[in-house]
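Only one structure is covered here, and it is reproduced in the block below.
Number of protein chains: 2
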Amino acid sequence: MDADHQRDPNGPTPSTLYGTARVSVQRAVIARVVREMRTAFTAEELHLAVADASPGIGLATVYRAISAMQEAGAVMTVGDRDGSALLALCVRNDHHHHLVCTRCGRVLGVECPLGDAVSSAATREGHLITSHEVVLYGLCVDCREGTRGA
Amino acid sequence: MDADHQRDPNGPTPSTLYGTARVSVQRAVIARVVREMRTAFTAEELHLAVADASPGIGLATVYRAISAMQEAGAVMTVGDRDGSALLALCVRNDHHHHLVCTRCGRVLGVECPLGDAVSSAATREGHLITSHEVVLYGLCVDCREGTRGA
DNA sequence: TCACCAAGTGAGAAGCGTTCTCACTTGGTG
DNA sequence: CACCAAGTGAGAACGCTTCTCACTTGGTGA
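First to last, the sequence lines map onto chains Y and S. Numbering of the first sequence is given in the working numbering, commencing with residue 1 and proceeding in unit increments. Numbering of the second sequence is given in the working numbering, commencing with residue 1001 and proceeding in unit increments.
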């Protein structure tokens, strides 16, 4: 399912993740770590992973990088774990949503075939929908297949 | 649109909001204030409103009441405002979602006609969906009508 | 009606995720 | 190479939320 987030064989570049912001050495490391993330992650988890790849990068820098990536639309908050924001890589540019696997914790991109359905449903009640967010919970393909045998 | 959240002419009772938890005088006051809320609210806003109705009720009590109501499924977190959790009354027992009006800030219940669509869309990609959350953004009926003239 | 006790309360301290500050460093441009 | 806006690290500060503790209250059984 990496194709979901890494259709380009080289994956998104640091500049893709940060938009037009300057990409320092530290941010390049953070971008690489984020790209290697296979599940949703908190800022602290990212900081640990980053410190593992390149000790010395501060927590503030991680938070600033997250902020830059969110601004660039490359990362988004998909939930909350123990009071910390749960983040996920969000590379596909087309409108999509996230499936949070309740077994392995991964967050996968899922196409959004609902746009019209959602809007029309609410419009029927008289509201005007301009945007929407959907978070799905369940089992991803891998965990679903693993479950069959167990 | 009050019918959305108050179909019973008397509205939900405190015990409805708290499930099986004990309903003290303070919790009854908090429940009443929550029922009168017309928009999504933060814990602090609720505390202010509660203090207005019955001075002396502590912030910790408000947080504990919120926690109890969330556990009972009567209140849910629908977002985040300046770092504080944004809460909304959630009385209808049938599966529904929330429309956050970007103009007046109210959070309205909207029927969920998507259940099958959402599940089948993700299922098509091989996942197994067990639940989902949808948050819609746009203009509620009132604001939409107000907009036409302006 | 009374006694008992689990559950709830108020006040404030503590915890903890996140943001800010400040002096220093670095990337990119001319 | 010089310049300077942008980024960095360390830690303090901030603010939301939870916890602690002594006290009160609601509900149950006798």
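The C-beta atom is built at its ideal place from N, Cα and C for all residues, glycine as well.
Inset, instruction - Count the other C-beta atoms from every protein chain shown that fall within 10 angstroms of the C-beta of P1014 of chain S, then say buried if there are 16 or more, exposed otherwise. - result: buried
Inset, instruction - Return the first residue and the last residue of the alpha helix (DSSP H) that A1021 of chain S is part of. - result: Run containing A1021 of chain S: none; DSSP gives neither H nor E here.
Inset, instruction - Reducing DSSP to helix, strand and coil, say where C1104 of chain S ends up. - result: coil
Legend entry - Beta carbon proximity, E44 of chain Y to chain S, threshold 8 Å: no
Inset, instruction - Quick one: measure Cβ to Cβ for C1140 of chain S and L1108 of chain S, integer angstroms, because I've assumed they're closer than 8 Å. - result: 6 Å
Inset, instruction - Take the Cβ of R1027 of chain S as the centre, count every other Cβ of all protein chains shown within 10 Å, and call the residue buried at 16 or more, exposed below. - result: buried
Legend entry - For V100 of chain Y and L153 of chain Y, believed in contact at Cβ under 8 Å, the rounded distance: The question about residue 153 of chain Y has no answer here: the residues shown for chain Y are numbered 1 through 150.
Inset, instruction - Could you name the residues of the region 1127-1143 of chain S whose beta carbon sits closer than 7 Å to any beta carbon of chain Y, in the order they occur along the chain? - result: H1127, L1128, I1129, T1130, S1131, H1132, E1133, V1134, V1135, L1136, Y1137, G1138, L1139, C1140 and V1141
Inset, instruction - Could you run through the region 96-111 of chain Y and flag, in chain order, every residue whose CB is less than 9 Å away from some CB of chain S? - result: H97, L99, C101, T102, L108, V110 and E111
Inset, instruction - Taking all protein chains shown into account, decide if V25 of chain Y is buried (16 or more other Cβ within 10 angstroms of its Cβ) or exposed. - result: exposed
Legend entry - Simplified DSSP assignment, three categories, for D1080 of chain S: strand
Inset, instruction - Starting from the C-beta of H47 of chain Y, find all residues in its chain whose C-beta is less than 7 Å away, skip the five residues before and the five after it, and write them out in chain order. - result: L59 and V62
Legend entry - A1053 of chain S burial status per 10 Å Cβ neighbour count (16 or more: buried): exposed
Legend entry - Close Cβ partners of R103 of chain Y (< 6 Å) along its chain, the five nearest in sequence each way excluded: L139 and C143
Legend entry - Test item: CB-CB of V1050 of chain S and V1023 of chain S under 8 Å: no
Inset, instruction - Return the bridge partner residues of I129 of chain Y from the DSSP annotation. - result: S:G1138
Inset, instruction - Could you tell me which residues DSSP pairs with E1111 of chain S in its beta bridges? - result: S:H1096
Legend entry - Closer than 8 Å to chain S by CB, E125 of chain Y: yes
Legend entry - CA-to-CA distance, A1021 of chain S to A65 of chain Y, given in whole angstroms: 44 Å
Inset, instruction - Report the partner residues of A1085 of chain S according to the DSSP bridge assignment. - result: S:D1080
Legend entry - Identity of the residue in S:E1045, S:R1038 and S:A1072 nearest Y993 of chain S by Cα: Here chain S comprises residues numbered 1001 to 1150, so residue 993 of chain S is not present and cannot be evaluated.
Legend entry - Residue nearest to V1134 of chain S in terms of C-alpha spacing, selected from Y:H98, Y:T42 and Y:E36: Y:H98
Inset, instruction - Report whether the distance from the Cβ of T1016 of chain S to the nearest heavy atom of the ligand GDP is below 7 Å. - result: No copy of the ligand GDP occurs in the structure displayed, which carries no ligand at all.
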